[in-house]
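When we follow the working numbering, the leftmost residue of the sequence shown carries the number 108, and every step to the right adds one. Backbone N, C-alpha and C fix where the C-beta goes; we use that ideal spot for every residue, glycine too. Reviewing the structure listed below.
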Amino acid sequence: MDTAAETTTPLDDGFEWAIVEIFGHRKHAGRSREEERFGAKMLRIDVPTIGINQAEGKPAEVSGVESWTTHWYGGASLFSYTLTDEATVMRINRPYVPASRYIAPPDRYDGDAAEDVSILDDVDDEPRF
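Have a look at this one:
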(Lines of atoms letter the chains of each structure in order from A and count residues from 1; the text may use other names and numbers.)
(Lines give C-alpha, C1' and ligand atoms only; values in the text may rest on other atoms or scores of the structure.)
Protein backbone atom coordinates (compact mmCIF):
# COMPACT_ATOMS: atom_id res chain seq x y z
CA MET A 1 0.00 0.00 0.00
CA ASP A 2 1.36 3.41 -0.97
CA THR A 3 1.36 5.74 2.06
CA ALA A 4 2.27 8.82 0.00
CA ALA A 5 -0.98 8.52 -1.97
CA GLU A 6 -2.99 8.31 1.25
CA THR A 7 -1.57 11.51 2.71
CA THR A 8 -2.12 13.58 -0.43
CA THR A 9 -5.74 12.45 -0.91
CA PRO A 10 -8.14 14.76 0.96
CA LEU A 11 -10.50 13.07 3.38
CA ASP A 12 -14.15 13.03 2.31
CA ASP A 13 -16.01 14.10 5.44
CA GLY A 14 -19.42 14.04 3.72
CA PHE A 15 -20.07 17.78 3.83
CA GLU A 16 -21.67 19.61 0.90
CA TRP A 17 -21.95 23.36 0.39
CA ALA A 18 -25.65 24.20 0.42
CA ILE A 19 -28.33 26.83 0.98
CA VAL A 20 -31.10 25.45 3.19
CA GLU A 21 -34.54 26.93 3.84
CA ILE A 22 -36.35 25.74 6.94
CA PHE A 23 -40.18 25.87 6.85
CA GLY A 24 -39.76 28.62 4.25
CA HIS A 25 -38.95 31.12 7.04
CA ARG A 26 -35.28 30.65 7.90
CA LYS A 27 -32.42 30.43 5.45
CA HIS A 28 -28.93 29.12 6.19
CA ALA A 29 -25.93 28.87 3.88
CA GLY A 30 -23.06 26.64 4.92
CA ARG A 31 -21.63 23.16 4.78
CA SER A 32 -24.17 20.44 5.45
CA ARG A 33 -24.57 16.70 5.72
CA GLU A 34 -27.00 14.10 6.97
CA GLU A 35 -26.33 12.66 10.44
CA GLU A 36 -28.18 10.44 12.83
CA ARG A 37 -29.08 12.08 16.13
CA PHE A 38 -31.62 11.01 18.75
CA GLY A 39 -32.45 7.89 16.72
CA ALA A 40 -33.48 9.84 13.61
CA LYS A 41 -31.80 11.19 10.50
CA MET A 42 -31.21 14.93 10.77
CA LEU A 43 -29.65 17.68 8.69
CA ARG A 44 -26.56 19.27 10.16
CA ILE A 45 -25.60 22.64 8.71
CA ASP A 46 -22.52 24.54 9.84
CA VAL A 47 -22.84 28.26 9.11
CA PRO A 48 -19.59 30.27 9.00
CA THR A 49 -19.16 33.42 11.08
CA ILE A 50 -17.03 35.78 9.02
CA GLY A 51 -15.14 38.64 10.66
CA ILE A 52 -14.16 42.04 9.36
CA ASN A 53 -11.07 44.14 10.02
CA GLN A 54 -11.72 47.84 10.22
CA ALA A 55 -8.69 50.02 10.88
CA GLU A 56 -9.04 53.73 11.57
CA GLY A 57 -9.06 55.70 8.34
CA LYS A 58 -9.09 52.62 6.10
CA PRO A 59 -11.99 50.77 4.48
CA ALA A 60 -13.21 47.60 6.19
CA GLU A 61 -11.96 44.26 4.88
CA VAL A 62 -13.34 40.75 5.28
CA SER A 63 -10.87 38.75 7.38
CA GLY A 64 -12.15 35.19 6.89
CA VAL A 65 -14.00 32.54 8.88
CA GLU A 66 -13.74 33.09 12.63
CA SER A 67 -16.01 30.26 13.79
CA TRP A 68 -18.84 27.94 12.75
CA THR A 69 -22.38 27.79 14.16
CA THR A 70 -24.06 24.38 13.92
CA HIS A 71 -27.82 23.96 13.42
CA TRP A 72 -29.72 20.63 13.49
CA TYR A 73 -33.04 20.09 11.69
CA GLY A 74 -35.30 17.12 11.10
CA GLY A 75 -36.04 16.09 7.53
CA ALA A 76 -39.70 17.16 7.73
CA SER A 77 -38.72 20.77 8.47
CA LEU A 78 -36.79 21.23 5.21
CA PHE A 79 -38.47 23.49 2.66
CA SER A 80 -35.60 23.84 0.18
CA TYR A 81 -32.12 22.40 -0.23
CA THR A 82 -29.91 23.99 -2.90
CA LEU A 83 -26.38 22.79 -3.62
CA THR A 84 -23.84 25.56 -4.21
CA ASP A 85 -20.12 26.28 -3.90
CA GLU A 86 -17.94 27.62 -1.09
CA ALA A 87 -17.55 31.10 -2.62
CA THR A 88 -21.32 31.61 -2.71
CA VAL A 89 -21.70 30.49 0.91
CA MET A 90 -19.01 32.93 2.03
CA ARG A 91 -20.58 35.77 0.04
CA ILE A 92 -24.03 35.11 1.55
CA ASN A 93 -22.66 35.06 5.11
CA ARG A 94 -20.38 38.08 4.68
CA PRO A 95 -21.27 40.71 7.29
CA TYR A 96 -22.46 44.15 6.32
CA VAL A 97 -19.48 46.42 5.84
CA PRO A 98 -20.42 50.02 6.57
CA ALA A 99 -19.54 52.61 3.99
CA SER A 100 -16.36 54.52 4.61
CA ARG A 101 -16.62 58.08 5.80
CA TYR A 102 -17.39 60.51 3.00
CA ILE A 103 -15.63 63.86 3.12
CA ALA A 104 -17.40 66.59 1.18
CA PRO A 105 -15.36 68.41 -1.44
CA PRO A 106 -14.32 71.99 -0.67
CA ASP A 107 -16.79 74.76 -1.45
CA ARG A 108 -16.48 75.92 -5.03
CA TYR A 109 -16.88 79.59 -4.03
CA ASP A 110 -13.60 80.73 -2.57
CA GLY A 111 -14.44 84.44 -2.50
CA ASP A 112 -16.55 86.53 -0.17
CA ALA A 113 -20.30 85.91 -0.22
CA ALA A 114 -20.94 89.65 -0.72
CA GLU A 115 -19.25 89.49 -4.13
CA ASP A 116 -21.72 86.83 -5.26
CA VAL A 117 -24.73 88.95 -4.25
CA SER A 118 -23.43 92.12 -5.93
CA ILE A 119 -25.16 91.24 -9.20
CA LEU A 120 -28.51 91.71 -7.47
CA ASP A 121 -27.83 95.44 -6.92
CA ASP A 122 -28.83 96.23 -10.52
CA VAL A 123 -32.34 94.81 -10.10
CA ASP A 124 -35.12 97.40 -9.70
CA ASP A 125 -37.13 97.24 -6.52
CA GLU A 126 -40.33 98.34 -8.25
CA PRO A 127 -42.27 95.70 -10.17
CA ARG A 128 -42.77 96.24 -13.89
CA PHE A 129 -46.18 95.78 -15.51
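Can you name the residues that DSSP bridges to residue i?
| i | result |
| --- | --- |
| residue 181 | 149 |
| residue 139 | 123, 152 |
| residue 172 | 157 |
| residue 188 | 127 |
| residue 144 | 147 |
| residue 133 | 129 |
Do you know how far the Cα of residue j is from the Cα of residue i?
| i | j | result |
| --- | --- | --- |
| residue 148 | residue 125 | 18 Å |
| residue 120 | residue 140 | 9 Å |
| residue 199 | residue 191 | 11 Å |
| residue 240 | residue 162 | For residue 240 there is no data in the structure shown, the boundaries of the chain being 108 and 236. |
| residue 212 | residue 122 | 51 Å |
| residue 152 | residue 137 | 6 Å |
| residue 169 | residue 159 | 4 Å |
| residue 194 | residue 201 | 10 Å |
| residue 130 | residue 176 | 19 Å |
| residue 157 | residue 178 | 17 Å |
| residue 181 | residue 133 | 14 Å |
| residue 189 | residue 150 | 13 Å |
| residue 184 | residue 146 | 17 Å |
Buried or exposed: where does residue i fall if 16 or more other Cβ atoms within 10 Å of its Cβ makes it buried?
| i | result |
| --- | --- |
| residue 135 | buried |
| residue 155 | buried |
| residue 171 | exposed |
With a cut-off of 8 Å on the beta carbons, I'd call residue i and residue j a contact; round off their distance for me.
| i | j | result |
| --- | --- | --- |
| residue 196 | residue 167 | That belief does not hold up - the Cβ atoms of residue 196 and residue 167 are roughly 20 Å apart, past 8 Å. |
| residue 128 | residue 187 | 4 Å |
Taking CB distances under 8 Å as the criterion, tell me whether residue i reaches chain C.
| i | result |
| --- | --- |
| residue 180 | Reference to chain C is not applicable here, since this structure consists of a single protein chain. |
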